[in-house]
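Numbering-wise, the sequence shown is residues -23 to -1, 1 to 349 according to mature numbering (1 follows the signal peptide of the UniProt record, and there is no 0).
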Amino acid sequence: MKRINLFTSALTFLAFVFPVVQAQQGATCNSTSPCSSTYPCCSEYGFCGDGYYCLGGCNPLGSHTLDSCTPSPICENANYTLSDTSRILSNSTYFNGNASEYDWVIEQGSIINTTSNGEAAIALLLTENGGGTLLSSTRYVHYGQVTARLKTGRWAGVVTAFITMSSIKDEIDWEFPGNQTTTGQSNFFWQGVIPAQTAGVTEPGLTDTFSNWHDFTFDWQPNSLTFLVDGNATRTITPADTTNNATGVVQFPNTPSRIQLSIWPAGISSEPQGTVQWAGGMINWNDPDYISAGHFYALFQSVSVQCNDPTTPNASDTSYVYGTNSSLNTPSIAFSNASTINGAPALIGMSTSAMSLWLGMAVVLTVGGLAL
């Protein structure tokens, strides 16, 4: 994927949409401009605050201290059947960090129940006015195997994505841009660094990803990262492969990450031209599929997780915490029995529609019946 760092423009956009929230909660933040002690947590969208800001995606490198963020819920082996929406929280701003209560939170957009080829699933929706949909796991994975069973969209400018994203922006991607329904793209990033030439690779020869269910997998281990389709390995990367020749830094994803499922609009006028081209061009809002259904969609049937933490946690461990490290490149990760629950009130007044810009940078739950 050809990516352009839109972080600065995103901050400008969010400041325009949320002037009251920003004024109340504090300044923008990043690793070189951390938050103050008053509003200590750097949110996943780059704003200082407390309460909800300290939960999923809170960036310890941009926060006041490495332990300002609430501890991250530890990985658990699981098979998630997504059509059971009872454990999907419809508004992530009401999530208090209790991963025993909810498995997934909707950070942006809408989902509906559906069936396809006889399999129950959820459809993540994209509309012209509402933007895309982003679903995030409440638990983190620190190495292991993660598989999503899905069907992609088929429309120019519309991107389906299955990724992992850490609090310091380590990222592993399966992405499906536009109307390219016989290929998938594998990619990875380290700490949000966008190189001039990304590590994206196009995987060809897939049977129609809109019409057919496929299992896409990340087999993420400390010494390797393998991408698989329907159980067949297509690509493997080792940490040595990711060494930056100029600095000697190994840029291999290595921090606990949430699983994220999304559909997002890359083919819109606010996106850079390179992103629009990568996604197959501008979205046609007069497409017969859109006119008929009132939305574009991507289908997700299930997600399975097999944890493989570098060390085995104790029975009492509940969370991951960041700490100092002799290396300046990445903080240390440790198990903790500290609570993941944040008792502060939920963030009030934040329009989730503005979060859709994040979908383009990495990029309301409605339960009904729809046959696709």
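Backbone N, C-alpha and C define an ideal beta-carbon position, used for all residues, glycine too. Quantities reported herein were computed from a predicted structural model and do not represent experimental measurements.
{"Check": "Top-ranked residue by Cα proximity to Ser163, from Glu180, Gln174 and Pro154", "Outcome": "Glu180"}
{"Check": "Limits of the unbroken alpha helix (DSSP H) element including Ile268", "Outcome": "Pro265 to Ala270"}
{"Check": "Secondary structure of Ala321, DSSP reduced to three states", "Outcome": "Reliability fails at Ala321, whose pLDDT of 47 lies under 50, so the model's placement of it is uncertain and the value that follows must be treated cautiously. It is coil, neither helix nor strand."}
{"Check": "Range of the contiguous beta strand (DSSP E) that encloses Gly121", "Outcome": "Gly121 to Lys128"}
{"Check": "C-beta contact flag for residue 354 and Met142 at 8 Å", "Outcome": "No answer is possible for residue 354: the residues shown for the chain start at -23 and end at 349."}
{"Check": "Alpha carbon of Thr92 to alpha carbon of Ile99, nearest angstrom", "Outcome": "8 Å"}
{"Check": "Cβ neighbour criterion (16 or more within 10 Å) applied to Arg212", "Outcome": "exposed"}
{"Check": "Neighbourhood of Asn94 by C-beta distance below 7 Å, restricted to the same chain and skipping five residues each side", "Outcome": "Trp190"}
{"Check": "Reference Gly169, options Ser14, Gly28, Thr307 and His119, closest by Cα", "Outcome": "Thr307"}
{"Check": "C-alpha gap between Leu334 and Pro249, whole angstroms", "Outcome": "At Leu334 the pLDDT is 39, less than 50, meaning the model places this residue with poor confidence and gives no usable figure here."}
{"Check": "DSSP three-state assignment for Gln168, whether helix, strand or coil", "Outcome": "coil"}
{"Check": "Simplified DSSP assignment, three categories, for Val135", "Outcome": "strand"}
{"Check": "Euclidean distance between Cα positions of Thr195 and Ala125", "Outcome": "It should be pointed out that residue 195 corresponds to Phe in this sequence rather than to Thr. When rounded, the distance between both Cα atoms is 9 Å."}
{"Check": "Neighbourhood of Cys52 by C-beta, 8 Å cutoff - its chain only, sequence neighbours within 5 removed", "Outcome": "Arg116, Tyr117, Val118, His119, Gly121, Pro233, Val282, Cys284 and Asp286"}
{"Check": "Short Cβ contact (8 Å threshold) for Cys25 with Ala4", "Outcome": "yes"}
{"Check": "Which listed residue (Glu152, Trp167 and Asn56) has its alpha carbon closest to that of Ala275", "Outcome": "Glu152"}
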